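Keeping their order, the protein sequence lines are chains A and B.
If you read the first sequence in our numbering, its first letter stands for residue 354, the second for the next number, and so on.
If you read the second sequence in our numbering, its first letter stands for residue 411, the second for the next number, and so on.
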Amino acid sequence: MSAEAETATRTYRPPMGAGWWTRKGHYFWYMVREFTALPLALWLLWLLYEIQRAGRGPSGYYPPNSTAFVIFSAICLPFALYHSFTFLKLAGVILRVKLLDKPLASGVIVATMFGTWLVASVVVGAVLIGFGR
Amino acid sequence: MADKRITIRATRFDPEKDKSPRLQSYDIPFSDDSMVVLDALNYIKSHVDGSLSYRWSCRMGICGSCGMTVNGTPKLTCSAFLRDYWPRSVTVTPLNNFPIVRDLVVDMEDFMHKLKSIKPWIIRKQEIPLGAGEHRQTMDQIGEFRQFSQCINCMLCYAACPVYGLDNEFLGPAAIALARRYNLDSRDQGTKERLPMIAHPDGIWECSFVGECSVVCPKGVDPAKAIQQTKLDTTMRFVLPYGNRE
């Protein structure tokens with residue numbers, strides 16, 4: 354036996370179980386945050402399909418006619434809102450913006466992001482409702 | 411008044427005898443409200459069971475040696491007051507996500523290797539001779555990196571990070587926070603030298619922003635912030651035509 358093997362210390366590595374995310378509230382809400390991306394992704398795939406139907410002409414493309422799509426959209430809405438909320442709330446941590454050589458407070462960045470979200474939602478809503486009439 | 415007592419449950423593991431760790435209970439006097447978990451461990455070692463092994467040094471939250479898991483949360487045991495747990499028992503286990511060497515002592519080798527890999531020192535292309543004077547910095551320049559320089563290498567952030575727990579190849583929170591500390595330092599010119607480690611698939615991109623590293627940090631460092639901001643900076647370096655500047 355080599356000297357290295359003789360002096361090597363046996364260690365124990367505790368296994369990390371599949372339920373690690375139930376150990377703490379913070380881990381749980383992280384998983385919820387990540388999970389909400391899944392319905393969003395599925396909704397976008399469905400939307401792509403609906404847009405693809407537009408290739409058959411205007412008569413073939415009218416998503417509100419699909420009851421299943423409307424129901425699925427209603428289910429996805431709270432997930433989308435929660436995911437957007439958590440994403441924008443974290444923007445203050447991620448973004449480092451300087452104004453006049455001074456870093457902007459993260460609260461200002463977050464407020465700006467939420468403000469932009471609100472304005473964008475109103476504009477997109479107005480366009481969709483306006484063109485839908 | 412009857413003397414208060416508290417139950418401490420500590421992990422015991424002897425690599426020469428045990429297959430896996432076990433918990434051992436100690437009922438000890440809780441005589442003083444200023445007692446911390448480290449005091450309880452020291453009491454056990456001095457009066458009950460001298461074979462209990464754990465790391466500690468300064469007992470004032472500076473050296474970062476006494477990090478352990480206290481009732482499920484990574485903490486510096488010198489800063490975890492028994493009064494915050496009493497009359498419940500206190501369970502002290504080794505830091506999560508690290509191999510256990512003995513009792514409450516974990517193997518730090520992986521962390522030390524990762525720490526060294528990001529070159530946590532000021533790198534200059536050409537050193538200025540001592541006679542030329544000091545590298546001067548404004549308060550704003552110091553403010554850029556100050557919070558990241560508070561890290562004491564206690565590894566609590568690694569113990570709290572499920573990403574590191576699931577994949578030990580991950581460079582980890584403290585190492586990346588320290589890399590950012592030096593990259594943001596106006597005296598440093600070593601960003602390009604650190605980039606291969608930081609932008610490696612096991613570097614910043616492995617992090618999925620759980621954020622618990624920042625919650626448990628005893629010194630108020632925000633490693634999650636360091637990692638996310640480094641992701642953005644690294645992307646900008648890649649995308650923008652002027653991004654590859656020093």
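We put the beta carbon where it would ideally sit given N, CA and C, even for glycine.
Every value quoted in this text rests on a predicted model; they were computed, and no experiment measured them.
Is there a C-beta anywhere in chain B that falls below 8 Å from the one on residue i?
i, result
"A:R363", "yes"
"A:V463", "no"
"A:L443", "yes"
"A:I447", "yes"
"A:H436", "no"
"A:R406", "no"
"A:W396", "no"
"A:M354", "With a pLDDT of only 42 at A:M354, under 50, the local geometry of the prediction cannot be trusted, and the value read off the model is given with reservation. A:M354 does not count as touching chain B."
"A:W373", "yes"
"A:Y383", "yes"
"A:M466", "no"
"A:Y402", "no"
"A:E359", "Note that A:E359 scores 48 on pLDDT, short of 50, meaning its location in the model is unreliable and no value can be drawn from it."
Look up residue i in the DSSP assignment and say whether it is helix, strand or coil.
i, result
"B:T421", "strand"
"A:G460", "helix"
"B:D437", "strand"
"A:A356", "With a pLDDT of only 47 at A:A356, under the threshold of 50, the placement of this residue in the model should not be trusted; the figure read from the coordinates follows. Looking at A:A356 - three-state DSSP - the assignment turns out to be helix."
"A:Y365", "strand"
"B:M445", "coil"
"A:M384", "helix"
"B:F491", "strand"
"B:G477", "strand"
"B:P431", "coil"
"B:T503", "strand"
"B:K629", "coil"
"B:V515", "strand"
"B:H545", "coil"
"B:R415", "strand"
"A:K377", "coil"
"A:T439", "helix"
"B:L486", "strand"
"B:L581", "coil"
"A:L448", "coil"
"A:K455", "strand"
"B:F521", "helix"
"B:R597", "coil"
"B:Y378", "The question about residue 378 of chain B has no answer, for chain B in this structure spans 411 to 656."
"B:D643", "helix"
"A:V480", "helix"
"B:Y592", "helix"
"B:S624", "helix"
Output yes if chain A places a C-beta closer than 8 Å to the C-beta of residue i; else output no.
i, result
"B:L514", "no"
"B:G482", "yes"
"B:P425", "yes"
"B:F521", "no"
"B:D517", "yes"
"B:E579", "no"
"B:K629", "no"
"B:S430", "yes"
"B:Q639", "yes"
"B:V620", "yes"
"B:V458", "no"
"B:I510", "yes"
Go to residue i, then tell me how far its alpha helix (DSSP H) extends in each direction, as first and last residue.
i, result
"B:Y663", "What the structure shows of chain B is the stretch from 411 to 656, and residue 663 of chain B is not part of that stretch, so it cannot be assessed."
"B:I510", "Not the alpha helix (DSSP H): B:I510 falls in the beta strand (DSSP E), residues I510 to R512."
"B:L650", "Element bounds for B:L650: n/a, residue is neither H nor E."
"B:R534", "Segment: none, B:R534 is in no alpha helix (DSSP H) and carries neither H nor E."
"B:M470", "No alpha helix (DSSP H) contains B:M470, which DSSP labels as neither H nor E."
"B:I528", "Neither: B:I528 is in no alpha helix (DSSP H) and is coded neither H nor E."
"A:A390", "A390 to R406"
Is residue j closer than 8 Å to residue i when the C-beta atoms are compared?
i, j, result
"B:Q639", "B:R590", "yes"
"B:P431", "B:R422", "yes"
"B:S441", "B:D413", "yes"
"B:I562", "B:I586", "no"
"B:S659", "B:V649", "Since the first and last residues shown for chain B are 411 and 656, residue 659 of chain B lies out of range."
"A:I462", "A:G483", "no"
"A:T364", "B:I528", "no"
"B:P497", "B:M478", "no"
"B:R512", "B:D643", "no"
"B:G621", "B:A634", "yes"
"A:A433", "A:L400", "no"
For residue i and residue j, which I take to be in contact (beta-carbon distance under 8 Å), what is that distance rounded to the nearest angstrom?
i, j, result
"B:V502", "B:L492", "Contact doesn't hold; Cβ gap of about 11 Å is too wide."
"B:I532", "B:Y592", "7 Å"
"B:C476", "B:L448", "5 Å"
"B:C567", "B:N507", "Rounded, the Cβ-Cβ distance is 10 Å, inconsistent with contact."
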